[in-house]
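Count along the sequence shown from 1, then add 4; that gives the number in this note's numbering.
Below: one structure, written as structure tokens.
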Amino acid sequence: MRALLVLSLVATLLSAGSGRAEPPPLVFPLIEHYGGVAPLPEASYPPQKGAKIVFDITTDSPPEAVNRGLESVARYLNLNAHAGHAPSDARLTVVLHGGATKCALHDAAYRAHTRADKNPNLPLLRELKKHGVELVVCGQSLARNQFAQTEVAEPLSVAVSAMTVNVAKQLEGYAYLAIH
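Structural data, given as structure tokens:
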């Protein structure tokens, strides 16, 4: 009898946690298919106009997947759009290096280096550029990964180093967000 009571109590406790609320649906107010945001009108710290941010992205990703660091940049733009801000209300720079360097390659180079059909990051990179995001890849990471500068896709520029970009942007008052 005692074992039955304990078993009944455990079953009741386990079933109580199964009534979780469904997460709110994600919305994509500016950049479709990337960086969806959950509307949270009562939450504190809404996006502020005038933000200047350098996103330092080193995260690697599987060859067929969009880099999660780039998704974070899209999410930031979608958060701003959901708050009623224009893309021009923030100044954003993306710096790709380390494991994220391959995201900067054009399709033919990406295929040669990863065996994937195409670079899944290029549509998002083009969308970010369209909304005023500065896109930079580290020249040192290109060299260390044996990628030629001629293999870099058009929406990106090559910097001497990710370090020099990050320092320059911080001297210009940019907040630094490391996406590792």
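Quick reminder that beta carbons are idealized off the backbone N, C-alpha and C, glycines included.
Taking all protein chains shown into account, do 16 or more other C-beta atoms lie within 10 angstroms of the C-beta of residue i, making it buried, or fewer, making it exposed?
| i | result |
| --- | --- |
| LEU175 | exposed |
| ALA182 | exposed |
| LYS53 | exposed |
| ALA42 | exposed |
| ARG148 | exposed |
| ASP185 | The chain is shown from 5 up to 184; residue 185 falls before or after that span and cannot be answered. |
| LYS106 | buried |
| TYR38 | buried |
| THR154 | exposed |
| LEU146 | buried |
| LEU44 | exposed |
| ALA94 | buried |
| ALA78 | buried |
| VAL156 | buried |
| ARG24 | exposed |
DSSP three-state call for residue i: helix, strand or coil?
| i | result |
| --- | --- |
| LYS122 | coil |
| SER165 | coil |
| LEU81 | helix |
| TYR114 | helix |
| LEU132 | helix |
| LEU146 | helix |
| LEU175 | helix |
| LEU74 | helix |
| ALA157 | coil |
| ALA182 | strand |
Name the one or two DSSP bridge partners that residue i has.
| i | result |
| --- | --- |
| VAL99 | ASP60 and VAL140 |
| ALA69 | DSSP output for ALA69 lists no bridge partner at all. |
| ILE35 | Answer is none; ILE35 lacks a bridge partner. |
| LEU109 | VAL156 |
Return the Cβ separation of residue i and residue j in integer angstroms, given the expectation that the two are a contact with Cβ distance under 8 Å.
| i | j | result |
| --- | --- | --- |
| VAL31 | TYR178 | Going by Cβ atoms, the distance from VAL31 to TYR178 rounds to 27 Å, so no, they are not a contact pair. |
| VAL141 | VAL162 | 6 Å |
| LYS133 | LEU126 | LYS133 to LEU126, Cβ: 10 Å. No contact. |
Would you say residue i lies against chain D (beta-carbon separation less than 8 Å)?
| i | result |
| --- | --- |
| GLU155 | No chain D is present in this structure, which holds just one protein chain. |
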